[in-house]
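In our numbering, the protein residues as written are 18 to 245.
Every residue, glycine too, gets a C-beta built ideally from N, C-alpha and C.
Being a predicted model, the structure only gives us computed values, none of them experimental.
The structure under discussion appears below in the form of C-alpha cells.
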C-alpha cells in the first residue's frame, strides 16, 4: 500500500512538472512574439521535443499501467500545445500541419500494433523503449545546442534558465517515479541522464552569467528575453 501511495504521489508531481516544462517554452515563445525576435528561434529544437513526446506516448501505451494513462495525457497535451504555438507564418503552418498529420498517423499505427495485434508486453516496450530513451536524452540536451551561438554573440539571454531548471526538476521527479514500485529501466535511463544534463546546463548558465563579456539579450524596453 505504501508503494502504491508513493507511486501515485510521484506520478501526480511528475505530471505537474511536465506541464511546467512546456509552460516554460510557452513563456519563451510569448516573449519572442511580443518582441518580434523570430530570427533567433531554433524550430528544430521544438521538433526534438515533439518527437520525444510522440515516442514516450507510444511507450506509455505499450505498458498497461494506470499511471501510464496520466503520462499519455501529459505527452498528448504537450504535443497539441506545441502544434498551435508554432511560428505565426507560412513555415510555422507547414510545421503545424506536418506535426498534426504525424501525430494522427503515429497513434493509428500505435493503436493497431498495441491493441489489435496485442503486443502490449513484448514488442511494445522493446520497440518504443530504446527509441523513447534516445529522443528523451536529445530533448534534455537541446539547450546545449546553443553554446556555439552564445560564444559567437556573447549573449547568454538566448539560453532559457527557466527551461533548464524545469527540465532538471522534471528529470528528478520522473526518475523517482521510474523506481516505484518496480524499476522502469527506460524511464530511469532517460531521466537519469536528463538530471546530469540539467546540472551541466545550470552550471554553465551560472558560469556564463558570472563572466562580464557575456550579456543578456536587450530589447527596447530593457527587458531580458530568453529565446531558446
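Residue i versus the options, residue with shortest Cα-Cα distance
i           : options            : result
residue 154 : 207, 179, 202      : 207
residue 30  : 152, 192, 181      : 192
residue 26  : 215, 221, 213, 196 : 196
residue 201 : 150, 40, 70        : 150
residue 157 : 205, 40, 212       : 212
residue 143 : 33, 203, 70        : 203
residue 214 : 185, 226, 194, 225 : 185
residue 168 : 76, 180, 226, 219  : 226
residue 163 : 189, 33, 221, 40   : 221
residue 148 : 205, 33, 76        : 76
Same chain, Cβ closer than 6 Å to residue i, five either side skipped, listed in chain order
i           : result
residue 210 : 154
residue 90  : The pLDDT assigned to residue 90 is 48, lower than 50, so where the model puts this residue is not dependable; a value taken from the coordinates is nonetheless given after this. There are no such residues.
residue 223 : none
residue 152 : 68, 69, 72
residue 40  : none
Contact under 8 Å by Cβ, residue i with residue j
i           : j           : result
residue 35  : residue 187 : yes
residue 219 : residue 179 : no
Per-residue burial, residue i [other beta carbons within 10 Å of its own, 16 or more giving buried]
i           : result
residue 199 : exposed
residue 251 : Outside the displayed span of the chain (18 to 245) sits residue 251, for which this structure offers no information.
residue 73  : buried
Neighbourhood of residue i by C-beta, 8 Å cutoff - its chain only, sequence neighbours within 5 removed
i           : result
residue 217 : 161
residue 205 : 192, 195, 196
Nonlocal neighbours in the same chain, by C-beta distance under 7 Å from residue i, ignoring five residues either side
i           : result
residue 189 : 212
residue 275 : This structure leaves residue 275 out entirely; the chain is present only between 18 and 245.
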